[in-house]
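Colleague:
Okay, here's the thing in structure tokens:
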């Protein structure tokens, strides 16, 4: 890592017990492509007891968060997502945080109507959070992304890979009600005559202050669509694509209070 990051890592590792906030650099043994952000984190937390200690030492309570590094986030984005998903006191009866994934924006895949055999895609580009305990088999899945593995197309579409994993393990994807709050605020400003704004006008509904775009063809367009379709086929061949479901699998966490 660069010198400034190495200094942060050394400072965190020199302290005893949990540290918050702090930065610890993990070095995954394998390159899982874009999926390294989660597969590598889970691998490190399960194999490096020192790293787990920095996160509080409790595998059952630890929450793993993925956020794309080409985004700049509002200062409250992480804390708000974790609070609403894992600390809110207003969850409905039967809600099990250990079987949830939380994000600021989600969509069902494949698109189209009727909605059948779809998974709810939560993406690191809109921040996603899930309990470490949910990822007990993620490393096994991740090995199929490596050269010679059976998920070569999923290597390029990690969001779909993670979402298929969550669906297979019966986890529910909730979208933070941030987007709904934005539209409520828009209506309130219209009523009061305050300066107006357009929710989600910059291509997303997440609390981001900056998002870089790269013309690599993987983020959007025909190349990504092809990888996504092939990834689904590869997952189906392994029996890892959830089938038999009907209706939109994405839920809005509007029961939560910030």
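Numbering (the numbering used here), first residue to last: 147 to 404. Even for Gly, the Cβ is constructed at its ideal location relative to N, Cα and C. None of these values were measured; they are calculated from a predicted model.
(1) Given residue 396, which residues of its chain have a CB within under 7 Å of its CB, disregarding the five upstream and five downstream residues?
(2) Less than 7 Å between the beta carbons of residue 158 and residue 170, yes or no?
(3) Just to confirm the assignment: which complete beta strand (DSSP E) runs, minimum length 3, are found wholly within the stretch 270-358?
(4) For residue 207, which option in 198, 213, 214 has the closest C-alpha, if you only look at C-alpha atoms?
(5) Using the Cα positions of residue 177 and residue 334, report the straight-line distance between them to the nearest angstrom.
(6) Give the secondary structure of residue 181 by DSSP, where H, G and I count as helix, E and B as strand, and everything else as coil.
(7) Using only alpha-carbon positions, find the residue among 373, 232, 156 that is nearest to residue 298.
(8) For the beta strand (DSSP E) containing residue 388, list its first residue and its last residue.
(9) How long is the line joining the alpha carbons of residue 203 and residue 232, rounded to whole angstroms?
(10) Under the assumption that residue 308 contacts residue 184 (Cβ atoms under 8 Å), give the Cβ distance between them as a whole number of angstroms.
(11) How would you label residue 349, buried or exposed, when you count the other beta carbons within 10 angstroms and need 16 or more for buried?
(12) Look up residue 268 in the DSSP assignment and give the residues it is bridged to.
(13) How would you call residue 278, buried or exposed, if buried means at least 16 neighbouring beta carbons within 10 angstroms?
(14) Give the single residue among 273, 193, 227 whose Cα lies nearest to the Cα of residue 216.
(15) In or out: residue 381 buried (at least 16 other Cβ within 10 Å) or exposed?
(16) In three-state DSSP terms, what is residue 229?
(17) Of the choices 305, 342, 275, 384, whose alpha-carbon is the least far from that of residue 296?
(18) Exposed or buried, which one is residue 325 when buried takes at least 16 other CB atoms within 10 Å?
(19) Among the candidates 211, 280, 259, 168, whose CA atom is the shortest distance from the CA of residue 155?
(20) Applying the 10 Å Cβ sphere with the 16-neighbour rule, what's the burial state of residue 166?
(21) Tell me whether residue 284 is buried or exposed, calling it buried when 16 or more other Cβ atoms sit within 10 Å of its Cβ.
(22) Quick check on the DSSP output: the beta strand (DSSP E) that includes residue 218 runs from which residue to which?
(23) Nearest CA to the CA of residue 290: which residue from 386, 368, 336?
(24) Taking the CB atoms as reference points, tell me whether residue 275 and residue 328 lie closer together than 7 Å.
(25) Would you please state the rounded distance, in angstroms, between the beta carbons of residue 190 and residue 172? I believe it to be under 8 Å.
Modeller: So, from the data block:
(1) Leaving aside the five residues that flank residue 396 on each side, the residues in its chain whose CB is nearer than 7 Å to its CB run, in chain order, 252, 253, 254, 266, 319, 321.
(2) Contact: yes.
(3) For the stretch 270-358, whole beta strand (DSSP E) runs of length 3 or above, ordered along the chain, are 274-277, 318-321, 354-357.
(4) 198
(5) Those two C-alpha atoms are separated by around 48 Å.
(6) helix
(7) 373
(8) Where residue 388 is concerned, there is no enclosing beta strand (DSSP E), given that its DSSP letter is neither H nor E.
(9) 18 Å
(10) 6 Å
(11) Residue confidence is low: residue 349 scores 48 on pLDDT, short of 50, so the model does not pin down where it sits. No coordinate-derived value is stated.
(12) 252
(13) buried
(14) Taking only the C-alpha atoms, the option nearest residue 216 is 273.
(15) Buried.
(16) Secondary structure of residue 229 (DSSP, three-state): helix.
(17) 384
(18) buried
(19) 168
(20) exposed
(21) Residue 284 is buried by the Cβ-count criterion.
(22) Unbroken beta strand (DSSP E) run through residue 218: 217-219.
(23) 386
(24) Not in contact: residue 275 and residue 328 (Cβ atoms no closer than 7 Å).
(25) Sure, about 4 Å apart at Cβ, within 8 Å.
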